[in-house]
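Asks: Below is one structure. I have some questions about it.
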Amino acid sequence: MPTSIELTPMTMREIIMDHYESPRHKGVPEKPEEYQKIHTDSVNCIDDFDVYLKTKDGKVEDARWEGTACTISSASTDILCDRVIGDDFAHAIYTIQQFLAMIQEKPYDDAPLDEALVFMNTGKQAARIHCATMGWDAMKELLEADEKKEGAK
Amino acid sequence: MFDPLKLRQDFPMYVNQVKMQGKPLVWLDNGSTTFKPYSVVNAMLRYDTVETANSHRGDYDLCYAVDQEVLATRKAIAKWIHATSENEIVFTSGATDSLNLVAYSYAMSHLKAGDEILIDEEEHASNFLPWLVAARNTGATLKFIPLTKEGRVTAENLEKSMTSKTKIVALAQVTNVLGYRIPVKEFASIIHRYGAIFVVDGAQSVPHIAIDVQDMDCDFLAWSGHKMLGPTGIGVLYGKYSLLEECSPFRTGGGMNNKFNKEGLFTLLPPPARFEAGTMPLAQIYGLHAAVNYLSQLGMDNVQAHETELKHYAVEKLEATDNAILYNADSEAGIVAFNIKGVFAQDAATFLNSRGIACRSGQHCAKALNEFLGTPATVRASFYVYTTKEDIDALADAVLHGKEFLDAYFN
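From first to last, the protein sequence lines are chains A and B. Residue 34 in the working numbering sits at position 34 of the first sequence; the count goes up by one each step and never skips. To convert, take the position in the second sequence, counting from 1, and add 1000; that gives the working numbering.
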């Protein structure tokens, strides 16, 4: 993945629409029993979907999502999957923390965010912050639960 | 007729030039709430600054003045909707509270297992869930009148749905998403022929059209103050007096009992006081009175004519963009339900927000309806007395540029 996308409204729009119209990680996994699943939904928007996580040896082997979602939550969750697949837990959680900080308009490290930077101004549309973050919050919860389990082993 | 632009001088939200996203506010969400004129704000201020006292049983002048104003408000509302008496006007916290009052105080004590309550799938949650609960608690069945393919409830479909078991029919006079108006009088005669009562949700009608409850012959009519230029936290339940007398209150406390003692004696005050336990929202009652006066001065026929003109204009302008899907072009109310082609409703509303335009998106609390419309959500623009054609032009211009909807997130 390139880490230096030139972020113009044109490219940002293209990235979001591309992930919305042709999501890479949408769909119930072929072997759902190998995944952990968490449900997330919103009272203010149409969003109502599941986030799937498959881990192996402290790493994210696969991440997927499936359900009904608006443009923002679809693209954001799909990009999330791109960002965390292959990562170890600590780095995946770090990436998610940077994303959430960015949305909340707090200082953040942009290095691990890559395409997720297209959501850098979502905080200006306060009513839609939840759409941008719900997939990431759900994934963080799965990762943290898994990390705890790994630690207990 | 009135000039909406001139009316804006009466509304602090316009006088204060409130902006949204740094742009002049285009307020098209009157179906959810409305702005308050200075006269309403000042009436509430009068209660809080020079006329504060509790109502009921006061032995001093200030309390008497408050009681007189509460009574004057009741009378003004009764006159406005042509009720036979001010004693048919119950103050509630809003339409939701009013409908719950009928469900708990009338339905729960009058329904038995096997009885039927009739609504339709286009009803707002507040005229759906109280009946679901009443049905569950009594063993009655909640049934749905089929809608036409446009989304209307017709006399024919109502009649087909009525049975000897039907005890309550509860319908919105104007529906909150599509804005279709039912002929209340015609429906009432059908419903009464079966011996059922007719509960009308007036949340989207009473603020917008002339109401004559005696002519309509509905049994109950519920609405909210804040959708008719009044304050939040106050609403009205109109009920035919004989039916109000049959209702037992579901809230008990001060101001509603005649006497009670520790032996269990407990007698009720007559309606409407019977339903008004506790201290009422007095400042809000003052404000509601001012709102009724404001609308009376405009004339409800003028209000309706203004909104009808805006509705036609909006349909014409949105259709001209060739970028909107309209769901209710022929409905009576000043409500347009639409989507921007290829843009999800919530995204459209965010885009409108970025241009300073307030529209509501989603299911509009009528969650059963969207299955019917075949879309998960719609955008709703709703008009009122201060809405101008320029507001609609701004909306149409945004719809025309709908493809740029994601720009809301970049600028």
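Don't be surprised by glycine CBs; every beta carbon is placed ideally from N, CA and C. Treat the numbers as computed from the prediction; the structure is a model and nothing was measured.
Answer yes or no: does any C-beta atom of chain A fall closer than 7 Å to that of residue 1029 of chain B?
Replies: The residue you call residue 1029 of chain B lines up with position 29 of the second sequence. No - not a single Cβ of chain A is within 7 Å of the one on residue 1029 of chain B.
Asks: Could you name the residues of chain A that residue 1350 of chain B contacts, counting a contact when the two beta carbons are closer than 7 Å?
Replies: Position 350 of the second sequence, counted from the start, is the residue given in the question as residue 1350 of chain B. Within 7 Å Cβ-Cβ: 125, 127 and 128.
Asks: Beta-carbon of residue 1398 of chain B versus every beta-carbon of chain A: anything under 7 Å?
Replies: Numbered from its first residue, the second sequence carries residue 1398 of chain B at position 398. False, the Cβ-Cβ gap to chain A never drops below 7 Å.
Asks: Please state if the CB of residue 1212 of chain B and the CB of residue 1188 of chain B are separated by a distance shorter than 7 Å.
Replies: Translated into the one-based positions of the second sequence, residue 1188 of chain B becomes position 188. Translated into the one-based positions of the second sequence, residue 1212 of chain B becomes position 212. It is not a contact, given that the beta carbons lie outside the stated cut-off.
Asks: What residues from chain B crowd round residue 12 of chain A, counting only those whose CB sits closer than 8 Å?
Replies: By one-based count along the first sequence, residue 12 of chain A stands at place 12. Here the neighbours are 1406, 1409 and 1410.
Asks: Would you say residue 1125 of chain B reaches chain A, if we count a Cβ-Cβ gap shorter than 7 Å as a contact?
Replies: Here residue 1125 of chain B refers to the residue found at position 125 of the second sequence. It does not: the Cβ of residue 1125 of chain B has no partner Cβ on chain A nearer than 7 Å.
Asks: How many angstroms separate the CA atom of residue 1155 of chain B from the CA atom of residue 1239 of chain B?
Replies: Residue 1155 of chain B sits at position 155 when you count from the first residue of the second sequence. Residue 1239 of chain B sits at position 239 when you count from the first residue of the second sequence. The straight-line gap from Cα to Cα measures roughly 23 Å.
Asks: If you draw a straight line from the alpha carbon of residue 1045 of chain B to that of residue 1051 of chain B, how long is it in whole angstroms?
Replies: As a working note, residue 1045 of chain B is residue 45 in the second sequence. As a working note, residue 1051 of chain B is residue 51 in the second sequence. Rounded to whole angstroms, residue 1045 of chain B to residue 1051 of chain B spans 9 Å at the Cα level.
Asks: Just to confirm the assignment: which complete alpha helix (DSSP H) runs, minimum length 4, are found wholly within the segment 1275-1361 of chain B?
Replies: DSSP runs (the alpha helix (DSSP H)) wholly in the segment 1275-1361 of chain B: 1282-1298, 1300-1321 and 1345-1354.
Asks: What does DSSP give as the partner residues of residue 1172 of chain B in its beta bridges?
Replies: Here residue 1172 of chain B refers to the residue found at position 172 when the second sequence is read from its first residue. Answer by DSSP bridge pairing, in chain order: B:1201.
Asks: Measuring only the C-alpha atoms, how far is residue 1294 of chain B from residue 1378 of chain B?
Replies: The sequence position of residue 1294 of chain B within the second sequence is 294, counting from 1. The sequence position of residue 1378 of chain B within the second sequence is 378, counting from 1. Each residue's alpha carbon lies about 32 Å from the other.
Asks: Output, in chain order, the set of chain A residues within a Cβ distance shorter than 8 Å of residue 1376 of chain B.
Replies: As a position in the second sequence, residue 1376 of chain B is number 376, starting the count at 1. Those are 46 and 68, listed as they occur along chain A.
Asks: Could you pull the start and end residues of the beta strand (DSSP E) that residue 41 of chain A belongs to?
Replies: Along the first sequence, read from residue 1 onward, the residue named residue 41 of chain A stands at position 41. 36-41 is the extent of the beta strand (DSSP E) around residue 41 of chain A.
Asks: Could you check if residue 1016 of chain B is buried or exposed, using at least 16 other CB atoms within 10 Å of its CB as the buried criterion?
Replies: The count along the second sequence starts at 1 and reaches residue 1016 of chain B at position 16. Residue 1016 of chain B should be labelled exposed.
Asks: For residue 85 of chain A, go through chain B and note every residue whose CB falls closer than 9 Å to its CB, in chain order.
Replies: Taking the first sequence and counting its residues from 1, one reaches residue 85 of chain A at position 85. In chain order: nothing, as chain B lies at least about 25 Å away.
Asks: Identify the contact partners of residue 1353 of chain B in chain A, using a Cβ-Cβ distance below 8 Å as the criterion.
Replies: Start at 1 with the first residue of the second sequence, and residue 1353 of chain B comes out as number 353. Within 8 Å Cβ-Cβ: 125 and 127.
Asks: Which residue wins for smallest C-alpha separation from residue 1382 of chain B, given the options B:1358, B:1390 and B:1334?
Replies: As a working mapping, residue 1382 of chain B is identified with position 382 in the second sequence. That would be B:1334, whose Cα lies nearest to the Cα of residue 1382 of chain B.
Asks: Since residue 1289 of chain B contacts residue 1072 of chain B with CB under 8 Å, what's their CB separation in whole angstroms?
Replies: By 1-based counting over the second sequence, the position of residue 1289 of chain B is 289. By 1-based counting over the second sequence, the position of residue 1072 of chain B is 72. The Cβ separation is near 7 Å, so the contact holds.
Asks: According to a CB-to-CB cut-off of less than 8 Å, which residues of the segment 51-80 of chain A neighbour chain B?
Replies: Against chain B - using a Cβ distance shorter than 8 Å - the residues of the segment 51-80 of chain A are 68, 70, 71 and 72.
Asks: Which residues mark the beginning and the end of the alpha helix (DSSP H) in which residue 1076 of chain B is found?
Replies: Your numbering for residue 1076 of chain B matches position 76 in the second sequence. From DSSP, the alpha helix (DSSP H) with residue 1076 of chain B extends over 1061-1080.
Asks: For residue 1222 of chain B, list the residues DSSP reports as bridge partners.
Replies: Translated into positions along the second sequence, residue 1222 of chain B becomes position 222. Answer by DSSP bridge pairing, in chain order: B:1201 and B:1237.
Asks: From residue 158 of chain A to residue 14 of chain A, what does the alpha carbon distance come to, in whole angstroms?
Replies: Nothing about residue 158 of chain A can be read from this structure; chain A reaches only from 1 to 153.
Asks: Run down chain B in chain order and give the residues with a C-beta less than 9 Å from the C-beta of residue 16 of chain A.
Replies: Here the question's residue 16 of chain A lines up with position 16 in the first sequence. Per Cβ cutoff of 9 Å: 1406 and 1409.
Asks: For residue 1068 of chain B, count the other beta carbons within 10 Å of its own beta carbon; 16 or more makes it buried, fewer makes it exposed. Which is it?
Replies: Taking the second sequence and counting its residues from 1, one reaches residue 1068 of chain B at position 68. Classification for residue 1068 of chain B: exposed.
Asks: Among the residues of its own chain, which have a CB less than 6 Å from the CB of residue 1416 of chain B, if the five just before and after it don't count?
Replies: Missing from the structure shown is residue 1416 of chain B; chain B here goes from 1001 to 1411 and no further.
Asks: How is residue 1256 of chain B classed by DSSP in three states: helix, strand or coil?
Replies: Here residue 1256 of chain B refers to the residue found at position 256 when the second sequence is read from its first residue. Three-state DSSP puts residue 1256 of chain B in coil, outside helix and strand.
Asks: Pick from B:1092, B:1096, B:1182 and B:1009: whose alpha carbon is nearest that of residue 1171 of chain B?
Replies: For the purposes of this step, residue 1171 of chain B is identified with residue 171 of the second sequence, where counting begins at 1. The shortest C-alpha separation from residue 1171 of chain B is found at B:1182.
Asks: For the beta strand (DSSP E) holding residue 63 of chain A, just list the boundary residues, first then last.
Replies: Mapped onto the first sequence, residue 63 of chain A falls at position 63. Where residue 63 of chain A is concerned, the enclosing beta strand (DSSP E) stretches over 59-68.
Asks: For my contact list, residue 1417 of chain B and residue 1284 of chain B are in at a C-beta cut-off of 8 Å; report their separation, rounded to the angstrom.
Replies: As shown, chain B starts at 1001 and ends at 1411. That puts residue 1417 of chain B outside it, with no answer to give.
Asks: Could you check what DSSP says for residue 103 of chain A in three-state terms: helix, strand or coil?
Replies: Counting from 1 along the first sequence, the entry for residue 103 of chain A is found at position 103. Residue state, collapsed to three classes: helix.
Asks: Say whether chain B places a C-beta atom closer than 7 Å to the C-beta of residue 9 of chain A.
Replies: Translated into the one-based positions of the first sequence, residue 9 of chain A becomes position 9. Chain B contact via Cβ: present.
Asks: How many angstroms separate the CA atom of residue 1093 of chain B from the CA atom of residue 1346 of chain B?
Replies: Mapped onto the second sequence, residue 1093 of chain B falls at position 93. Mapped onto the second sequence, residue 1346 of chain B falls at position 346. About 29 Å.
Asks: One question on the structure: do residue 99 of chain A and residue 113 of chain A come within less than 7 Å of each other, judged by their Cβ atoms?
Replies: Numbered from its first residue, the first sequence carries residue 99 of chain A at position 99. Numbered from its first residue, the first sequence carries residue 113 of chain A at position 113. Yes, they are a contact pair.
Asks: Shorter than 7 Å from the beta carbon of residue 122 of chain A to some beta carbon of chain B?
Replies: Reading the first sequence from its first residue, position 122 is the one you call residue 122 of chain A. Closer than 7 Å: yes.
Asks: The beta strand (DSSP E) with residue 54 of chain A in it runs from where to where?
Replies: Position 54 of the first sequence holds residue 54 of chain A. 48-56 is the extent of the beta strand (DSSP E) around residue 54 of chain A.
Asks: Taking only three categories from DSSP, how would you classify residue 1381 of chain B?
Replies: Taking the second sequence and counting its residues from 1, one reaches residue 1381 of chain B at position 381. Note: residue 1381 of chain B maps to strand in three-state DSSP.
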